[in-house]
DNA sequence: CTCGGAATGTAGCCTCGGCTACATTGTATG
DNA sequence: CATACAATGTAGCCGAGGCTACATTCCGAG
Ligand SMILES: [Mn+2]
Ligand SMILES: [Mn+2]
Ligand SMILES: [Mn+2]
Ligand SMILES: [Mn+2]
């Protein structure tokens, strides 16, 4: 490795950022995280509706690997936030807002996985890591990923 | 775009994964998330010690953008988990385990930021998004990132 | 039709990670 | 060397997201 590469700094400098800057970064990570669960739910509900015509609490719970009571409680939160509707014992449906969020989340998920694959991440690691990473990918980063994937 | 590129599938197929597979992916994302806060704390404490010789609860809180009581409570958890030690009113210190975790976390943070920069993500978005994404980067993915960055 | 088992829903418990309000301690300055 | 004030610590609240245990409802097989 050359120690004279002044033109293109490959590595990010390891300086402690300014305090408000750093606080803002951590804050963004926290708020991104708070929406993560709802994003996964709407994406999953949309997938289940498409592939089987219905989204039942038990199926949702099994797919997420949680107890059915946990799923039902979260579905309640989806309703409160206007992302889903459900009548007792009648399955879950997405609102317009829910469908639209699901579409965005699904598209982002795919781009993240594709980016990981493109830089050489093995398939299962890509899918697994993307499930968590996706919720922290900003629009700017998503756009950069898309540009990178579209390059020749 | 050619519609005959059968040799190299660029895009990940959009099929619903098998149920246990999907549950395991979501489960991994959940457990990764549960360690995220502790990772950020040890990295930050290590940085503060290096740059200023001490890590005080107030400074930690300001950098993270949380109330000092929140920081103190989490420092309690660091102690319970054997990552830090602190005597009342005397500042926080990392144990061997804490230092070692901090070193790994710092290295991973840098690789993630560098990877994002390398694929064209703007600097501030890279730093901001990395703060959340890093905690979901598995060893396999980290290794792939490092290989990608080391390419000619 | 009936009724038993699966699905759904409810209740109540836990930990985590935020917060505010207040109490205590340490120390720097006058 | 006293004390005002900043830092630290404690108490108690909240919501999210897990869980188990139990109650209720639905529906398909007989
Ligand atoms: Mn996800
Ligand atoms: Mn996803
Ligand atoms: Mn982080
Ligand atoms: Mn970090």
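Protein chains in written order, with the working numbering: chain A, 7 to 158; chain B, 7 to 158. Cβ coordinates follow ideal geometry from the N, Cα and C atoms, glycine included. Nothing here was measured: the structure is a model prediction, and the numbers come from that model.
Closest to residue 94(B) by CA distance: which of 73(B), 117(B), 123(B), 62(B) is it?
-> To locate residue 94(B), count along the second chain from 1; it is residue 88. Measuring from the Cα of residue 94(B), the nearest candidate turns out to be 62(B).
Residue from 74(B), 104(B), 152(B), 69(B) whose Cα sits closest to the Cα of residue 85(B) = Here residue 85(B) refers to the residue found at position 79 of the second chain. For the residues 74(B), 104(B), 152(B), 69(B), the minimum Cα distance to residue 85(B) belongs to 104(B).
Can you name, in chain order, every residue of its own chain whose Cβ lies under 6 Å from the Cβ of residue 154(B), other than the five neighbours on each side?
-> What you label residue 154(B) is simply residue 148 of the second chain in a count that begins at 1. Nothing listed; no residue qualifies.
Check each candidate in 117(B), 49(B), 32(B) and name the one with the smallest Cα separation from residue 89(B).
-> Residue 89(B) sits at position 83 when you count from the first residue of the second chain. Comparing Cα-Cα distances from residue 89(B) to each of 117(B), 49(B), 32(B), the minimum goes to 49(B).
Buried or exposed: where does residue 59(B) fall if 16 or more other Cβ atoms within 10 Å of its Cβ makes it buried?
-> Taking the second chain and counting its residues from 1, one reaches residue 59(B) at position 53. Flag for residue 59(B) reads exposed.
Segment limits, alpha helix (DSSP H) that includes residue 90(A) = In the first chain, counting from the first residue as 1, residue 90(A) sits at position 84. First-last for residue 90(A): 90-92, but that is the beta strand (DSSP E), not the alpha helix (DSSP H).
The alpha helix (DSSP H) enclosing residue 107(A), as first and last residue numbers | Your numbering for residue 107(A) matches position 101 in the first chain. 102-124 is the extent of the alpha helix (DSSP H) around residue 107(A).
Within 9 Å, strictly: CB atoms of residue 22(B) and residue 57(A) = What you label residue 22(B) is simply residue 16 of the second chain in a count that begins at 1. What you label residue 57(A) is simply residue 51 of the first chain in a count that begins at 1. Yes, the pair counts as a contact, with Cβ atoms nearer than the cut-off.
Are the C-beta atoms of residue 108(B) and some chain A residue less than 9 Å apart?
-> Taking the first residue of the second chain as 1, we reach residue 108(B) at position 102. No, no contact with chain A.
Given a cut-off of 9 Å, decide if residue 113(B) and residue 122(B) are closer than it, judged by their beta-carbon atoms.
-> What you label residue 122(B) is simply residue 116 of the second chain in a count that begins at 1. What you label residue 113(B) is simply residue 107 of the second chain in a count that begins at 1. Taking 9 Å as the Cβ cut-off, residue 122(B) and residue 113(B) do not qualify as a contacting pair.
Below 6 Å from a heavy atom of ligand 4 - residues by beta-carbon | Residue list for ligand 4: 46(B), 49(B), 115(B), 137(B), 140(B) (CB closer than 6 Å to any heavy atom, chain order).
Apart from the five residues just before and just after residue 101(A), which ones in its own chain have a Cβ nearer than 7 Å to its Cβ?
-> For this step, residue 101(A) is matched to residue 95 along the first chain. Hits under 7 Å: 88, 89, 90, 91.
Would a check of beta-carbon distances place residue 63(A) closer than 9 Å to chain B?
-> Start at 1 with the first residue of the first chain, and residue 63(A) comes out as number 57. It does not: the Cβ of residue 63(A) has no partner Cβ on chain B nearer than 9 Å.
For residue 69(A), which residues of its own chain have a beta-carbon under 8 Å away from its beta-carbon, when the five flanking residues on both sides are left out?
-> Numbered from 1 along the first chain, position 63 holds the residue referred to as residue 69(A). These residues qualify, in order along the chain: 50, 54.
Tell me whether residue 48(A) sits in a helix, a strand or coil according to DSSP, three-state version.
-> Taking the first chain and counting its residues from 1, the one referred to as residue 48(A) is at position 42. Helix at residue 48(A).
CB contact flag (residue 120(A), residue 17(B), <9 Å) | One-based indexing of the first chain puts residue 120(A) at position 114. One-based indexing of the second chain puts residue 17(B) at position 11. Their beta carbons are under 9 Å apart, which means residue 120(A) touches residue 17(B) by this criterion.
Spell out whether any CB of chain B is found under 9 Å from the CB atom of residue 88(A).
-> What you label residue 88(A) is simply residue 82 of the first chain in a count that begins at 1. No, its Cβ sits nowhere closer than 9 Å to a Cβ of chain B.
Measuring CB to CB, does residue 140(A) end up less than 9 Å from residue 125(A)?
-> Here the question's residue 140(A) lines up with position 134 in the first chain. Here the question's residue 125(A) lines up with position 119 in the first chain. No, the Cβ-Cβ distance between residue 140(A) and residue 125(A) is not below 9 Å.
Spell out whether any CB of chain A is found under 9 Å from the CB atom of residue 116(B).
-> The residue given as residue 116(B) occupies position 110 in the second chain. Cβ-Cβ to chain A under 9 Å: yes for residue 116(B).
Span separating the alpha-carbon of residue 80(B) from that of residue 115(B) | Along the second chain, one-based indexing puts residue 80(B) at 74. Along the second chain, one-based indexing puts residue 115(B) at 109. The C-alpha of residue 115(B) is placed about 21 Å away from the C-alpha of residue 80(B).
Integer-rounded CB distance, given that residue 134(B) should sit under 8 Å from residue 144(A) = Along the first chain, one-based indexing puts residue 144(A) at 138. Along the second chain, one-based indexing puts residue 134(B) at 128. That pair is a contact at about 7 Å.
Are any of the Cβ atoms in chain A nearer than 9 Å to that of residue 79(B)?
-> Along the second chain, read from residue 1 onward, the residue named residue 79(B) stands at position 73. Cβ-Cβ to chain A under 9 Å: no for residue 79(B).
Measuring CB to CB, does residue 46(A) end up less than 9 Å from residue 111(A)?
-> Position 40 of the first chain, counted from the start, is the residue given in the question as residue 46(A). Position 105 of the first chain, counted from the start, is the residue given in the question as residue 111(A). Closer than 9 Å, so yes.
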